[in-house]
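Keeping their order, the protein sequence lines are chains W and R.
Following numbering that gives the first Met the number 0, the numbering of the first sequence begins with 0 at its first residue and continues without gaps.
Following numbering that gives the first Met the number 0, the numbering of the second sequence begins with 0 at its first residue and continues without gaps.
Where a beta carbon is used, it is the ideal one built from N, C-alpha and C, also for glycine.
Data block below; observations after.
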Amino acid sequence: MAGSGKLHLRLDSDPLLIVQDLVVQYKVNRKSFVSAVAGISFDVLRGETLAIVGESGCGKSTLGKAILQLPRPQGGTVVLDGVDITALEGNDLRDVRPKVQMIFQDAISSLDPRLQVKNIIDEPLKVWKKGTAAERSIKVDNLLNSVGLDPVVVRDRRPYEFSGGQCQRISIARAIALDPVLLVCDEPVSALDVSIQAQILNLLQDMKEEFGLTLIFISHDLAVVKAVSTRVLVMYLGKICEMATPDDLYAHPAHHYSRALIAAVPIPNPEVGVDKIRVTGEPPSPVDPPTGCRFRTRCESASERCATEEPQLQEVGLGHFVACHHPVTN
Amino acid sequence: MNQLLKLADFSVSFATPRGNLHAVRGVDLVVAKGESIGIVGESGSGKTVLSRATMGLMPSTATCTGLVEFNGVPLSNLSRAEVRNYWGTGMAMIFQDPLTSLNPVRRIGSQLMEGLIVRLGMPKKQAQARAVELLERVRIPDPYAAMKKYPGELSGGMRQRIVIAIAIACTPELLFADEPTTALDVTVQAQVLELLAELRQEINMTMILVTHDLGVVAGQTDRVVVMYAGEIVETAATKDLFANMKMPYTEALMKSIPRLDQSSGQRLRVITGRLPDPTSPEPGCSFAPRCEYATDKCRAEKPPLVTTQTGHQYRCFFPIGGSL
Numbered sequence: 000m001a002g003s004g005k006l007h008l009r010l011d012s013d014p015l016l017i018v019q020d021l022v023v024q025y026k027v028n029r030k031s032f033v034s035a036v037a038g039i040s041f042d043v044l045r046g047e048t049l050a051i052v053g054e055s056g057c058g059k060s061t062l063g064k065a066i067l068q069l070p071r072p073q074g075g076t077v078v079l080d081g082v083d084i085t086a087l088e089g090n091d092l093r094d095v096r097p098k099v100q101m102i103f104q105d106a107i108s109s110l111d112p113r114l115q116v117k118n119i120i121d122e123p124l125k126v127w128k129k130g131t132a133a134e135r136s137i138k139v140d141n142l143l144n145s146v147g148l149d150p151v152v153v154r155d156r157r158p159y160e161f162s163g164g165q166c167q168r169i170s171i172a173r174a175i176a177l178d179p180v181l182l183v184c185d186e187p188v189s190a191l192d193v194s195i196q197a198q199i200l201n202l203l204q205d206m207k208e209e210f211g212l213t214l215i216f217i218s219h220d221l222a223v224v225k226a227v228s229t230r231v232l233v234m235y236l237g238k239i240c241e242m243a244t245p246d247d248l249y250a251h252p253a254h255h256y257s258r259a260l261i262a263a264v265p266i267p268n269p270e271v272g273v274d275k276i277r278v279t280g281e282p283p284s285p286v287d288p289p290t291g292c293r294f295r296t297r298c299e300s301a302s303e304r305c306a307t308e309e310p311q312l313q314e315v316g317l318g319h320f321v322a323c324h325h326p327v328t329n
Numbered sequence: 000m001n002q003l004l005k006l007a008d009f010s011v012s013f014a015t016p017r018g019n020l021h022a023v024r025g026v027d028l029v030v031a032k033g034e035s036i037g038i039v040g041e042s043g044s045g046k047t048v049l050s051r052a053t054m055g056l057m058p059s060t061a062t063c064t065g066l067v068e069f070n071g072v073p074l075s076n077l078s079r080a081e082v083r084n085y086w087g088t089g090m091a092m093i094f095q096d097p098l099t100s101l102n103p104v105r106r107i108g109s110q111l112m113e114g115l116i117v118r119l120g121m122p123k124k125q126a127q128a129r130a131v132e133l134l135e136r137v138r139i140p141d142p143y144a145a146m147k148k149y150p151g152e153l154s155g156g157m158r159q160r161i162v163i164a165i166a167i168a169c170t171p172e173l174l175f176a177d178e179p180t181t182a183l184d185v186t187v188q189a190q191v192l193e194l195l196a197e198l199r200q201e202i203n204m205t206m207i208l209v210t211h212d213l214g215v216v217a218g219q220t221d222r223v224v225v226m227y228a229g230e231i232v233e234t235a236a237t238k239d240l241f242a243n244m245k246m247p248y249t250e251a252l253m254k255s256i257p258r259l260d261q262s263s264g265q266r267l268r269v270i271t272g273r274l275p276d277p278t279s280p281e282p283g284c285s286f287a288p289r290c291e292y293a294t295d296k297c298r299a300e301k302p303p304l305v306t307t308q309t310g311h312q313y314r315c316f317f318p319i320g321g322s323l
């Protein structure tokens, strides 16, 4: 697993976003680097919700941020709406930024505690000189309404007066203020309580329809991913394992890692026994990743070939791609 | 039934500038030896306060009333110093946040041995050997090296397992596990749950598991307690509860959680509104303002706790028969 390849790209259907061979490295010390994202390619069609799942430390958040050029990737290209934004510099890059926005896991700390809600949402509009103060004020009220907050009540308050769910609504309003085409959501509901989680997930769905957004949804919660996504990308140690539609992936996982991840989710039915775990141990250090397939050290089907040759993505079903020498057969 | 823990009319309130905050209200609960109980509910429903107050881990701003009986001894009459004697060997707790519940400036080994030396009076050598054994139990690779590390050098999953090792060090009769796996990845969660299940079998440990993960509840508990606004609103054997939910709140809570066995792209059910203000309890059913079945009676009168023949208890005038 943890392979490369571009067989899964759908370049003929004019995707909104094409990411090819993306590499993001962090410096560990003077000599060594860790490749948090180690050559990943994928595309997102307009109106899709692509979910990126994996264990903590697999590079999913780094991947999300690298799409926004925060940090700038060390290799590969990100083509948004036909423009290669990895080649842009300075003001040219700045001009693209409103098109891609991000919301974060910890909504409360991602809002400026000293600003009133109206100023938090107005800030991007002001920076980009979108209309007069009066016009912007109307736009702020409209945005608050569309995320389900009453402008009269919340306009003049500050973030600490709100719960986590309400803060997430405010940060969604801020993110869509500049009419982006792509919204990257990094674990948007994992810090929220169960009953609030459903409200925010439904809100994101509404926003997507109302504003014609395309979403990239980063999460470690497989059940949440299943509820919201139209395509799922499974990551392990900076590489792609598998890509498929959620129904297909959960019913017939082809990668040993995806299968183990899905099997590890407890089933809310007391009549069903607990599934035996198939993955033991923790992921190896990304500073010194295993040769060949990066998952082989924890894989029960690993062979010698897995140690020497990196698996490439292959199609095992319609729109279902897996990077594994010995895919799970159903 | 061999009764280990009994709570009777147990309440906890905090003095706040806005008035008394009633975090736990009139809880009656009996836990048998070897039983595993799941407590579920939204944040703010009182699950954590209930488990901490039972152990006597409350700040001085809290007022606890009612009875806590452990192994026949009424703990509520004991002084704080006397209750301490039950910690570690009688009751122990796995705290929710592994990142903050370990002391960052003490080595793992010394934190693990502390309980063994202080509570069990083990000599240092023996405590060391036992600590290594415990680390092996919770599957920490290279336990000798881990003993010398500081918490900051370990990953979240490893730290959570250290917290578990500390909690089970003195083989407690009753283990409170407050969201023990919430911060963990599914693969590590599965390992931790398997470990807890093994321990329960081996030393016949009783467990009270606070969680909002229905999958965990279904797989790990014999009985479920549903809390809302500080009260127990429904209790039943786990199988009974999943097949036949009486409280509209239980059903709404369970249905708002995304599940793997639902097809994708469906809209999630939500519970509208929020928990009532804990400083000013309403006269009627506490869930009535958010309940789709609520009538005038629900808003005016508090529903009593009804017990059916199978031991299913609920607090509702118009019980439903929902299932997942």
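Answer yes or no: does any C-beta atom of chain W fall closer than 8 Å to that of T237(R)?
The sequence position of residue 237(R) within the second sequence is 238, counting from 1. Yes - at least one Cβ of chain W is within 8 Å of the one on T237(R).
Quick one: which chain W residues come within Cβ less than 8 Å of D184(R)?
Stepping through the second sequence from its first residue, residue 184(R) is reached at position 185. Within chain W, the residues near D184(R) are E54, S55 and H219.
Throw me the rounded Cβ distance for the I239(W) and P252(W) pair, which I believe falls under 8 Å.
In the first sequence, counting from the first residue as 1, residue 239(W) sits at position 240. In the first sequence, counting from the first residue as 1, residue 252(W) sits at position 253. About 14 Å; that fails the 8 Å criterion.
Step through the CB atoms of chain R and report whether any lies within less than 8 Å of the CB of A106(W).
Indexing the first sequence from 1 puts residue 106(W) at position 107. At least 8 Å separates the CB of A106(W) from every CB of chain R.
Collapsed DSSP secondary structure at M0(W) in the structure displayed:
As a position in the first sequence, residue 0(W) is number 1, starting the count at 1. With a pLDDT of only 40 at M0(W), under the threshold of 50, the placement of this residue in the model should not be trusted, and no figure is reported.
Verify whether the separation of the beta carbon atoms of L16(W) and L232(W) is less than 8 Å.
Start at 1 with the first residue of the first sequence, and residue 16(W) comes out as number 17. Start at 1 with the first residue of the first sequence, and residue 232(W) comes out as number 233. Not a contact, by the Cβ cut-off of 8 Å.
Can you pull the chain R residues whose beta carbon is under 7 Å from the beta carbon of D192(W), in chain order?
Looking up residue 192(W) in the first sequence gives position 193. Those within 7 Å of D192(W) in chain R are E41 and S42.
I'd like to know whether the C-beta of P97(W) is nearer than 8 Å to at least one C-beta of chain R.
To locate residue 97(W), count along the first sequence from 1; it is residue 98. Cβ-Cβ to chain R under 8 Å: no for P97(W).
Verify the CB distance criterion: does E186(W) have a CB-CB separation below 8 Å to chain R?
The count along the first sequence starts at 1 and reaches residue 186(W) at position 187. Not one chain R Cβ lies under 8 Å of E186(W).
Less than 8 Å between the CB atoms is what I'm expecting for I266(W) and A217(R), so what's the real figure, rounded?
Position 267 of the first sequence holds residue 266(W). Position 218 of the second sequence holds residue 217(R). Rounded, the Cβ-Cβ distance is 7 Å, consistent with contact.
Got a sec? Which residues, its chain only, sit under 8 Å from W127(W) by beta carbon, not counting five neighbours each side?
By 1-based counting over the first sequence, the position of residue 127(W) is 128. Only P97 and L177 meet the Cβ criterion.
Within chain R, the residues that Q198(W) reaches when beta carbons sit closer than 7 Å
The count along the first sequence starts at 1 and reaches residue 198(W) at position 199. Within 7 Å Cβ-Cβ: V269.
Would I17(W) pass as an interface residue toward chain R - the criterion being a Cβ-Cβ separation below 8 Å?
The residue given as residue 17(W) occupies position 18 in the first sequence. At a cut-off of 8 Å between beta carbons, I17(W) makes no contact with chain R.
Return the chain-ordered list of same chain residues with a C-beta closer than 6 Å to the C-beta of E230(R), the five sequence neighbours on each side being excluded.
Here the question's residue 230(R) lines up with position 231 in the second sequence. The residues R24, in chain order, have a CB closer than 6 Å to that of E230(R) in the same chain once the five nearest residues on each side in sequence are set aside.
Rounded to a whole number of angstroms, what is the C-alpha to C-alpha distance between K138(W) and P123(W)?
Translated into the one-based positions of the first sequence, residue 138(W) becomes position 139. Translated into the one-based positions of the first sequence, residue 123(W) becomes position 124. Rounded to the nearest angstrom, the two C-alpha atoms are 12 Å apart.
DSSP three-state call for T307(W): helix, strand or coil?
The count along the first sequence starts at 1 and reaches residue 307(W) at position 308. Taken through DSSP and simplified to helix, strand or coil, T307(W) comes out as helix.
Taking all protein chains shown into account, do 16 or more other C-beta atoms lie within 10 angstroms of the C-beta of K124(R), making it buried, or fewer, making it exposed?
Along the second sequence, read from residue 1 onward, the residue named residue 124(R) stands at position 125. Classification of K124(R): exposed, given that the 10 Å Cβ count is below 16.
Give me the chain R residues within the contact set of D28(W), using Cβ-Cβ distance strictly less than 9 Å, ordered along the chain.
Residue mapping note: residue 28(W) aligns to position 29 of the first sequence, counting from 1. For clarity, residue 28(W) is Asn in the given sequence; the question names Asp instead. Going along chain R, no residue has its Cβ under 9 Å from N28(W), so there is no contact; the nearest lies around 16 Å.
At 3 residues or longer, and completely inside the stretch 82-154 of chain W: list those beta strand (DSSP E) runs for me, N to C.
Counting only runs of 3 or more, we get 99-102.
Just verifying my parser: in three-state terms, what is the DSSP assignment at V209(R)?
The residue given as residue 209(R) occupies position 210 in the second sequence. Here V209(R) sits in strand by DSSP.
Output, in sequence order along the chain, the residues in the stretch 247-265 of chain W whose CB is closer than 9 Å to any CB in chain R.
Result list: Y249, A259, L260, I261, A262, A263, V264 and P265.
I'd like to know whether the C-beta of V215(R) is nearer than 8 Å to at least one C-beta of chain W.
In the second sequence, the residue the question calls residue 215(R) occupies position 216. Taking Cβ atoms only, chain W reaches closer than 8 Å to V215(R), which makes this a yes.
Can you give me the C-alpha to C-alpha distance between D11(W) and I175(W), rounded to a whole angstrom?
Translated into positions along the first sequence, residue 11(W) becomes position 12. Translated into positions along the first sequence, residue 175(W) becomes position 176. Taking the straight line joining both Cα atoms gives about 29 Å.
Does I402(W) come out as helix, strand or coil in the three-state DSSP assignment?
With chain W running from 0 to 329 in the structure shown, residue 402(W) is simply not present.
Please confirm whether N201(W) has its beta-carbon closer than 8 Å to some beta-carbon of chain R.
Counting from one through the first sequence, the residue named residue 201(W) turns up at place 202. Yes - at least one Cβ of chain R is within 8 Å of the one on N201(W).
Secondary structure, beta strand (DSSP E): runs of 3+ residues fully inside the stretch 199-263 of chain R
List check, beta strand (DSSP E) in window: 205-209, 222-227 and 230-236.
In this structure, does DSSP put M54(R) in helix, strand or coil?
Position 55 of the second sequence, counting from 1, holds the residue named residue 54(R). In the structure shown, M54(R) adopts helical secondary structure according to DSSP, grouped into three states.
Per-residue DSSP class, three states only, for P150(R):
Against the second sequence, residue 150(R) aligns to sequence position 151. Correct three-state label for P150(R): helix.
Kindly say whether M0(W), judged by its beta-carbon, lies nearer than 8 Å to any beta-carbon of chain R.
Residue numbering aside, residue 0(W) sits at position 1 when the first sequence is read from its first letter. No answer about M0(W) holds up, because its pLDDT of 40 lies below 50 and its placement is not dependable.
Classify E132(R): buried if its beta carbon has 16 or more other beta carbons within 10 angstroms, exposed otherwise.
Looking up residue 132(R) in the second sequence gives position 133. E132(R) should be labelled exposed.
Here's the rule: buried if 16 or more other CB atoms are within 10 angstroms of the residue's CB, otherwise exposed. What is M0(W)?
Working through the first sequence from its first residue, we reach residue 0(W) at position 1. Low local confidence applies: a pLDDT of 40 at M0(W) is under 50, so the model's placement there is unreliable, with the coordinate-based value given in what follows. In summary, M0(W) is buried, with 16 or more beta-carbon neighbours lying within 10 Å of its beta-carbon over all protein chains present.
Nearest residue (CA-CA) to E281(R), options Q2(R), F9(R) and H21(R)
One-based indexing of the second sequence puts residue 281(R) at position 282. It is H21(R).
Assuming Q198(W) contacts G164(W) (C-beta within less than 8 Å), just tell me the rounded distance between them.
Here residue 198(W) refers to the residue found at position 199 when the first sequence is read from its first residue. Here residue 164(W) refers to the residue found at position 165 when the first sequence is read from its first residue. 6 Å between Cβ atoms; contact.
Got a sec: is the Cβ-Cβ distance from L173(R) to anything in chain W below 8 Å?
By 1-based counting over the second sequence, the position of residue 173(R) is 174. Using a Cβ-Cβ cut-off of 8 Å, L173(R) does not count as an interface residue toward chain W, since no Cβ of chain W sits closer than that to its own.
Nearest to I202(R) (by Cα), restricted to the options A168(R), V223(R) and A235(R)
Locating residue 202(R) in the second sequence gives position 203, counting from the first residue. For I202(R), the nearest C-alpha among the options comes from A168(R).
In terms of residue numbering, what span does the alpha helix (DSSP H) encompassing L200(W) cover?
Looking up residue 200(W) in the first sequence gives position 201. Looking at the DSSP string, the run of the alpha helix (DSSP H) that includes L200(W) is V193 to F210.
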